[in-house]
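Some notes on the structure that comes next.
Protein chains: 2
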Amino acid sequence: MGSKLDKPPKKSGAKAAAADAADRTQKPNHLDRLIGYQLRRASGVFMAGFVDLFRDVPLRPAQFAILSHVEETPGISPSELSRILAIKKTNMVPLVVELEQRGLLKRAADSKDRRVQLLTLAPGAAKQLAAWRKRIIAHEDSLLRHLSPEEREQLFGLLSKLRSSAG
Amino acid sequence: MGSKLDKPPKKSGAKAAAADAADRTQKPNHLDRLIGYQLRRASGVFMAGFVDLFRDVPLRPAQFAILSHVEETPGISPSELSRILAIKKTNMVPLVVELEQRGLLKRAADSKDRRVQLLTLAPGAAKQLAAWRKRIIAHEDSLLRHLSPEEREQLFGLLSKLRSSAG
DNA sequence: TATTGTTATACTCTATAACTATA
DNA sequence: TATAGTTATAGAGTATAACAATA
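Chains A and B, in that order, are what the protein sequence lines are. Read in order, the letters of the first sequence are residues 1 to 167 in the UniProt record's numbering. Read in order, the letters of the second sequence are residues 1 to 167 in the UniProt record's numbering.
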């Protein structure tokens, strides 16, 4: 897996078990009281899972985000996308170009302002996108399996609140 | 700022205001219903803030995490650290080496197992670390200013639950 | 055989600066 | 002047493979 960590060494005997128990009852360390750290770790779990999930398809998280947004807002420009998705326009270029080359995205010139490009899904892309989204949602459900529906909504709400006020 | 986004274009007139209102009442798009995406965006806000915060000090998030953990667990080895912090041991090496070269970390040989290194904070590092932690906490308080103490605890709890079951 | 620390390497993400063409 | 798209480039983060020393 892409998310594979270095293997923990094999322990043995009662001594190791006691050490594990001691770890768990340890007081929460400073690091774990930093929300930025917790967010990075939690995000890492999902991102690594995404990579594993798409080993067979050359689709990266940022590209899924682009396709997903273009589907909902056909005719959006790369500049608008870069602001909405917080991807710098300079980094947006190769992402969009690759998606176009792979026949997932179409770029058309805007007749009113010849600087801007109008992005739309290429024919057939919507169907693929739907399949990929289904895969992602199944993956998320798996990672979230220990959270109740109420807890999931709480998490969404808190992250949304955090982001609307801070970023 | 390191987190600086491309500037949004200047709008003008009632038409633009109406468009903004429309955006805000738009139904939440598919992307925003993916917890992995929300986590990535929220994490990005904190990470970008961290970079801005330490423009004057060559301290990256992973290095703060290492120092913070060594402080709490003196004598921990790079291998243990790599597992706890989810940093591959191969990527841990240059981080630890740099911290040692900068006089923040000490590496000593373990007399019982000559393969392992025992990491401790170098003299004076604890004081610097405390100052840096203070800076980080102030930054987090700023980003979290719109969340009540109860909401912050909820967020900690949910992220912790998520990570303990999924990663 | 397994683990620790290490080197080499590559890919993605993110960032800055500077250019062109259009407005 | 400002914006849209582009190119070139650099720095982090993260990944795999393979090695020597030690257990």
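The C-beta atom is built at its ideal place from N, Cα and C for all residues, glycine as well.
Problem set entry | Cα-Cα separation, A:Asp-141 to B:Leu-144 | Between A:Asp-141 and B:Leu-144, the C-alpha separation is close to 27 Å.
Chain A contacts from the stretch 52-67 of chain B (Cβ-Cβ distance under 9 Å) = Within the stretch 52-67 of chain B, the residues whose Cβ lies closer than 9 Å to any Cβ of chain A are, in chain order, Pro-61, Phe-64 and Ala-65.
Next on the checklist: Tell me which residues share the same chain as A:Ser-111 and place their Cβ nearer than 6 Å to its Cβ, disregarding the 5 neighbours each side in the sequence.
Outcome noted: Setting aside the 5 residues that flank it on each side, A:Ser-111 has no residue in the same chain whose C-beta is closer than 6 Å to its C-beta.
task: Establish whether the CB of A:Asp-113 and some CB of chain B are separated by less than 8 Å.
output: When Cβ-Cβ separations below 8 Å define contact, A:Asp-113 makes no contact with chain B.
Exposed unless 16 or more other CB atoms sit within 10 angstroms - verdict on A:Val-97:
Exposed, since its Cβ has fewer than 16 Cβ neighbours within 10 Å.
query: Which of the three DSSP states, helix, strand or coil, is assigned to B:Leu-118?
result: Collapsing the DSSP output to three states places B:Leu-118 in a strand.
Exercise. Taking B:Glu-51 as the reference, give the member of A:Gly-36, A:Ile-84, A:Leu-118 and A:Glu-151 with the closest Cα.
Key: According to the sequence as given, residue 51 of chain B is Val; it is not Glu. With respect to the C-alpha of B:Val-51, the residue from A:Gly-36, A:Ile-84, A:Leu-118 and A:Glu-151 having the closest C-alpha is A:Gly-36.
- Short CB-CB distance (under 8 Å) between A:Ala-86 and chain B: Yes, contact with chain B.
B:Leu-147: which of A:Arg-135, A:Gly-75 and A:Ser-160 sits nearest, CA to CA? Comparing Cα positions, the closest option is A:Ser-160.
query = Is the number of C-beta pairs between the stretch 53-65 of chain B and the stretch 82-95 of chain B that are closer than 8 Å three or more?
reply = With the cut-off at 8 Å, the stretch 53-65 of chain B and the stretch 82-95 of chain B touch.
Is any beta-carbon of chain B found at less than 8 Å from that of A:Gln-154?
-> Yes, A:Gln-154 counts as interfacial toward chain B.
* Whole-angstrom Cβ separation of B:Leu-81 and B:Met-92, contact assumed at under 8 Å? -> Their Cβ separation, rounded to whole angstroms, is 6 Å, which keeps B:Leu-81 and B:Met-92 in contact under 8 Å.
Checklist line | Spatial neighbours of A:Pro-58 in its chain, beta-carbon cut-off 6 Å, leaving aside the 5 residues before and after | finding: Only residues of its own chain outside the window of five on either side were considered, and among them none has a CB closer than 6 Å to the CB of A:Pro-58.
ask   = In three-state DSSP terms, what is A:Leu-147?
value = Looking at A:Leu-147 - three-state DSSP - the assignment turns out to be coil, as it is neither helix nor strand.
For B:Arg-114, collect the residues of the same chain with a Cβ closer than 8 Å to its Cβ; drop the 5 residues on either side in sequence, then sort them by chain order. Excluding five sequence positions before and after B:Arg-114, none of the CB atoms of its chain fall closer than 8 Å to its own CB.
A:Glu-150, buried or exposed, once every other Cβ within 10 Å from all chains shown has been counted against 16:
A:Glu-150 counts as exposed, since fewer than 16 other C-beta atoms from the protein chains shown sit within 10 angstroms of its C-beta.
- Query: Would you call the CB atoms of A:Lys-89 and B:Asp-6 closer than 8 Å?
  - Reply: Pairing A:Lys-89 with B:Asp-6 gives a Cβ-Cβ distance under 8 Å.
| request: Would you grab the beta carbon distance between A:Arg-40 and B:Met-47 for me? Rounded to a whole angstrom, and I think it's under 8 Å. | output: In this structure A:Arg-40 touches B:Met-47 by the C-beta definition: roughly 7 Å separates them, less than 8 Å.
**Study point:** Residues bridged to A:Lys-106 [DSSP beta-bridge criterion]
**Key:** DSSP links A:Lys-106 through a beta bridge to A:Thr-120.
Original post:
Is the CB of A:Gly-75 under 8 Å away from at least one CB in chain B?
Top reply: For A:Gly-75, the answer is no, since every Cβ of chain B falls outside 8 Å of its Cβ.
Discussion item. On the CB-based measure, 16 or more other CB atoms within 10 Å of its CB, does B:Ser-77 come out buried or exposed?
Written reply: It counts as buried.
| said: Can you tell me whether B:Ile-136 is buried or exposed? The criterion is at least 16 other CB atoms within 10 Å of its CB, across all chains shown. | reply: Burial of B:Ile-136 is indicated by the presence of at least 16 other C-beta atoms within 10 angstroms of its C-beta.
My guess is that A:Leu-158 and B:Leu-155 are in contact by the Cβ rule of under 8 Å, so how many angstroms apart are they, rounded? At roughly 5 Å, the Cβ-Cβ gap stays under 8 Å, so A:Leu-158 and B:Leu-155 are in contact.
(Q) Just checking: is the beta-carbon of B:Ala-42 within a distance shorter than 8 Å of some beta-carbon in chain A? (A) Yes, B:Ala-42 lies at the interface with chain A (some Cβ there is under 8 Å from its Cβ).
Residue interval of the alpha helix (DSSP H) (run including A:Asp-52): Counting along the chain, the alpha helix (DSSP H) containing A:Asp-52 begins and ends at 35-53.
- Determine the DSSP secondary structure at B:Ile-87, reduced to helix, strand or coil. Three-state result, B:Ile-87: coil.
ask   = So, B:Ser-43 versus A:Ser-43, is the Cβ gap smaller than 8 Å?
value = Between B:Ser-43 and A:Ser-43, the gap from beta carbon to beta carbon is short of 8 Å.
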